[in-house]
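Anchor point for the sequence shown: position 27 equals 31 in our numbering, and the numbering is continuous, going up by one each time. Glycine residues also receive a C-beta, built at the ideal position from the N, C-alpha and C atoms. Working notes, beginning with the structure itself.
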Amino acid sequence: MHYNSLIYGRAEPAASPFTAVVILTIISAKTFDPRLMWEVVRSRRKTYP
5 MHYNSLIYGR AEPAASPFTA VVILTIISAK TFDPRLMWEV VRSRRKTYP
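In structure tokens:
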């Protein structure tokens, strides 16, 4: 069987946006702190029982 025709493709137009999305995802995952969300929830519970 010949798979070359199925596998062949050009990724040039999508390579730059894909790389940008991957880099932004890595940066956001490293900087996101979910504990900050829970602190807001706790403070709202104290004000609104």
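For residue i and residue j, what's the separation of their Cα atoms in angstroms?
i, j, result
"P69", "L28", "Residue 69 falls outside the range modelled here, since the chain spans only 5 to 53, and no answer is possible."
"V26", "R49", "36 angstroms"
"V41", "T23", "Here the sequence assigns Met to residue 41, which means Val is not the residue at that position. Rounded to whole angstroms, M41 to T23 spans 29 angstroms at the Cα level."
"V44", "P17", "42 angstroms"
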